[in-house]
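Peer 1: When the letters of the sequence shown are read in order and numbered with my numbering, they come out as residues 59 to 275. For every residue, glycine included, the Cβ atom is placed at its ideal position computed from N, Cα and C. Okay, handing you the structure first.
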Amino acid sequence: MANQELEKRLPAGVELDLYEGTAWLGLVPFMMSGVMRRPFPDMPYFSAFPELNLRTYVVVDGKPGVWFFSLDAHSYPIVIGGRALYNLPYHYAQQKLSKLTDGHEFQSQRKSDSVSFHARYRPTAKEFFAIPGTFEHWATERYCLYSMSGDRELQRVDVHHVAWPLQSAEVEIFSNDIIDATGIPVSSDIPRCHYSRGVHVVSYEKQSCGEKVDMSV
59 MANQELEKRL PAGVELDLYE GTAWLGLVPF MMSGVMRRPF PDMPYFSAFP
109 ELNLRTYVVV DGKPGVWFFS LDAHSYPIVI GGRALYNLPY HYAQQKLSKL
159 TDGHEFQSQR KSDSVSFHAR YRPTAKEFFA IPGTFEHWAT ERYCLYSMSG
209 DRELQRVDVH HVAWPLQSAE VEIFSNDIID ATGIPVSSDI PRCHYSRGVH
259 VVSYEKQSCG EKVDMSV
């Protein structure tokens, strides 16, 4: 991927985090479950839903994290709340995550513009934990996300979780409009694919990263 194409889509103060000199996009389909501000109990249509996000990897003031270009979710409360509370580019989508004999099938179609994604994926090797310095560790062991508020202030949301259990995976993609919808050009190289059975994640309150950003710079 051309690093300059991503750099110009990031606000001042947010730097691309490169692996061996190259910027990366991550396209991640998954199932969220147990989502709730504790100690309140889980709620229907809020605590469990499929989600698909498109991210890149960034650094702000030396702290690595992720920057989202889109988040599609099958939950109106999450879409509304994510946009209002965290200033994240959420979209409501009709989605279905199906368990197959040896993997999963994920289908998503955005309501606003029919942007779609449809793929099957399955793990192909034994589970492992990424070693520091490897691509897998660089891409997965990140503990915050960044966004920009309506008044152009950079914000950070810290998260905590144990290391991701990973498996090499193979993916069969039937349709994928998600990246094209952003206008970001990508290379034709074969993507790196990994699967995880998931971990428990704790999210903290958003906090300011400092000064407001002048987007004209």
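Look up ALA227 in the DSSP assignment and give the residues it is bridged to.
Peer 2: Looking at the DSSP assignment, ALA227 forms a beta bridge with PRO181.
Peer 1: Can you tell which of TYR179, ARG210, PRO181, VAL117 has its C-alpha closest to the C-alpha of LEU146?
Peer 2: Checking every option, the nearest Cα to that of LEU146 belongs to ARG210.
Peer 1: Between which residues of its own chain and HIS218 is the CB-CB distance below 6 Å, once the five residues before and five after are set aside?
Peer 2: Excluding positions up to five away in sequence, the list reads VAL260.
Peer 1: Could you tell me the alpha carbon to alpha carbon distance between LEU76 and ARG200, rounded to whole angstroms?
Peer 2: Going from the Cα of LEU76 to the Cα of ARG200 covers about 14 Å.
Peer 1: May I have the straight-line CA-CA distance separating ASN111 from VAL124, to the nearest angstrom?
Peer 2: Cα to Cα, ASN111 sits roughly 11 Å from VAL124.
Peer 1: Identify every residue that forms a DSSP beta bridge with ALA151.
Peer 2: DSSP lists ARG168 as partners of ALA151.
Peer 1: For LEU212, count neighbouring C-beta atoms within 10 Å of its own C-beta (all shown protein chains included) and say buried if the count is 16 or more, exposed if not.
Peer 2: Burial call: buried.
Peer 1: Excluding the 5 residues flanking GLU185 on each side, which residues of the same chain have their C-beta closer than 6 Å to its C-beta?
Peer 2: Same-chain partners within the cutoff: PRO223, GLN225.
Peer 1: Is the number of C-beta pairs between the region 165-182 and the region 138-154 that are closer than 8 Å three or more?
Peer 2: As far as the Cβ criterion goes, the region 165-182 touches the region 138-154, which means the pair count is three or higher.
Peer 1: So, helix, strand or coil for LEU68, using DSSP?
Peer 2: It is coil, neither helix nor strand.
Peer 1: Taking DSSP as the reference, what is the three-state secondary structure of THR198?
Peer 2: If DSSP states are grouped into helix, strand and coil, THR198 belongs with the helices.
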